[in-house]
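Beneath this line is the structure, given in structure tokens, with notes to follow.
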Amino acid sequence: LHAKARKQLREAGIATPELDARLLVEWATATTRLDALSAPERIIDGEAVMVLDIGLSRRLAGEPVHRIMGERSFYGLGFRLSPETLEPRPDTETLVDLVLPFLRERIAKNGIAELIDMGTGTGAIAIALLSQLERLHAIGVDIAPGALATARENARLAGVSRRFAALRGDWFAEISGRFDLIVSNPPYIPRREVANLDREVREHDPLLALDGGEDGLDFYRALARGGEERLYEGGAVGVEIGAGQRADVEAIFAENGFRLMEGLQDLGGHDRALLFML
Ligand code: GLN
Numbered sequence: 014l015h016a017k018a019r020k021q022l023r024e025a026g027i028a029t030p031e032l033d034a035r036l037l038v039e040w041a042t043a044t045t046r047l048d049a050l051s052a053p054e055r056i057i058d059g060e061a062v063m064v065l066d067i068g069l070s071r072r073l074a075g076e077p078v079h080r081i082m083g084e085r086s087f088y089g090l091g092f093r094l095s096p097e098t099l100e101p102r103p104d105t106e107t108l109v110d111l112v113l114p115f116l117r118e119r120i121a122k123n124g125i126a127e128l129i130d131m132g133t134g135t136g137a138i139a140i141a142l143l144s145q146l147e148r149l150h151a152i153g154v155d156i157a158p159g160a161l162a163t164a165r166e167n168a169r170l171a172g173v174s175r176r177f178a179a180l181r182g183d184w185f186a187e188i189s190g191r192f193d194l195i196v197s198n199p200p201y202i203p204r205r206e207v208a209n210l211d212r213e214v215r216e217h218d219p220l221l222a223l224d225g226g227e228d229g230l231d232f233y234r235a236l237a238r239g240g241e242e243r244l245y246e247g248g249a250v251g252v253e254i255g256a257g258q259r260a261d262v263e264a265i266f267a268e269n270g271f272r273l274m275e276g277l278q279d280l281g282g283h284d285r286a287l288l289f290m291l
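All residue numbers for the sequence shown refer to full-length UniProt numbering, where the first residue is 14 and numbers rise by one.
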């Protein structure tokens, strides 16, 4: 199965034929796995082959492998996707790594910590953190109603739904109260560059989750302006940034009274996650 899939994908010029073949075979096998309890193996294989063929033709037509699977793993957890959610990317794990020690400290000090994830999408950032920290509570805010349903489902799958609430809202508009941490991977692609994104990103990730306005920085302004009155004393804002945006984002937060505490680079060596305090 695997060899055949790999060959088809390679011949079609797919960039990662090995990985995609492995993921699609696992997906096809898992999809038909329930039958394994009652049916002999060759029948299961037959079904898996059919499911795999459907997946391969979708992949060859340019659909990203995780959209076909309907799921992508992030921080060791499986996240369901929907048309209104960005696929969680490995780069975003950098942001989770950056804010974990900060939240641990807050919990050690106060017994509990509360965070709000702005533009939560699949809920990946908040849910990954909840899965690591038992005394953490989180709200995920998104303007897309379909994303909220997906985030709730993902919280349930990760076993953290008791500590997660998904709320519809336009950034801080519906939010009251204060938090230990505001975290966000906001849309940060400058509007004129959206058209130059990889076709698979442009056509399958929601534009709403990518378009950061004229210069890509609109939502950092919203976070820096709205953040102050939503933080407890000693609270922080943690954001993901695009390649090359560090200086601009630092300046926006500085204008609003924040100072940079720490930054982390992604595996590609780009500044990717920044942590600010008042
Ligand atoms: N990293 C994403 C991409 O370039 C963009 C995510 C975002 O705008 N927050 O595909």
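Cβ atoms here follow ideal geometry from the backbone N, Cα and C, with glycine treated the same way.
None of the values given here were measured: they were computed from a predicted structure.
Residue interval of the beta strand (DSSP E) (run including residue i)
i    : result
E287 : In the sequence under discussion, the amino acid at residue 287 is Leu, which differs from the Glu named in the question. Segment 284 to 290, the beta strand (DSSP E) holding L287.
A222 : Careful: A222 lies outside any beta strand (DSSP E) and carries neither H nor E.
R243 : It is not in any beta strand (DSSP E) - R243 carries neither H nor E in the DSSP assignment.
E127 : 126 to 131
E118 : First-last for E118: 106 to 123, but that is the alpha helix (DSSP H), not the beta strand (DSSP E).
R205 : Where R205 is concerned, there is no enclosing beta strand (DSSP E), given that its DSSP letter is neither H nor E.
E100 : Premise fails: E100 is in no beta strand (DSSP E) and is neither H nor E.
I195 : 192 to 197
F92  : 90 to 93
Contact under 9 Å by Cβ, residue i with residue j
i    : j    : result
L221 : A168 : no
W97  : P199 : Correcting the residue identity first, residue 97 is Glu in this sequence and not Trp. In this structure, P199 does not lie closer than 9 Å to E97 by Cβ.
F185 : G239 : yes
L143 : A171 : yes
I195 : L230 : no
D211 : L116 : no
V252 : A286 : yes
R191 : E242 : yes
T45  : E60  : yes
A41  : G68  : yes
T163 : Q278 : no
H217 : E84  : no
L236 : S197 : yes
Q258 : Y201 : yes
Euclidean distance between Cα positions of residue i and residue j
i    : j    : result
A178 : S189 : 14 Å
P101 : E268 : 30 Å
D130 : K20  : 41 Å
A208 : E227 : 13 Å
D33  : T135 : 22 Å
E246 : V154 : 22 Å
L248 : R272 : Residue 248 is actually Gly in this sequence, not Leu. Taking the straight line joining both Cα atoms gives about 12 Å.
R72  : I27  : 9 Å
A260 : G276 : 12 Å
L244 : H150 : 15 Å
R234 : G124 : 31 Å
L291 : M274 : 10 Å
S86  : A18  : 21 Å
D58  : L14  : 9 Å
P203 : F232 : 11 Å
E263 : G159 : 32 Å
Segment limits, alpha helix (DSSP H) that includes residue i
i    : result
S144 : 137 to 145
F266 : 259 to 268
D33  : 30 to 44
G239 : 231 to 240
G159 : 158 to 170
E24  : 15 to 24
I27  : No alpha helix (DSSP H) contains I27, which DSSP labels as neither H nor E.
I188 : Where I188 is concerned, there is no enclosing alpha helix (DSSP H), given that its DSSP letter is neither H nor E.
L180 : Taken as a continuous stretch (DSSP letters only), L180 belongs to no alpha helix (DSSP H), being part of the beta strand (DSSP E) at 177 to 181.
E76  : It is not in any alpha helix (DSSP H) - E76 carries neither H nor E in the DSSP assignment.
R148 : Taken as a continuous stretch (DSSP letters only), R148 belongs to no alpha helix (DSSP H), as it is neither H nor E.
V214 : 212 to 217
For residue j and residue i, believed in contact at Cβ under 8 Å, the rounded distance
i    : j    : result
A137 : T105 : 7 Å
D284 : I254 : 7 Å
L94  : R80  : 6 Å
L36  : P30  : That belief does not hold up - the Cβ atoms of L36 and P30 are roughly 11 Å apart, past 8 Å.
Y88  : V109 : 6 Å
I140 : L90  : 7 Å
I120 : R148 : 5 Å
Residue-level contact to chain D via CB, residue i, 9 Å cutoff
i    : result
R272 : Within the model displayed, chain D is absent; a lone protein chain is all it includes.
Status (buried if at least 16 other CB within 10 Å, exposed otherwise) for residue i
i    : result
L280 : exposed
T133 : buried
S70  : exposed
M82  : buried
R181 : exposed
V38  : buried
E206 : exposed
E187 : exposed
A74  : exposed
A256 : exposed
A16  : exposed
V62  : exposed
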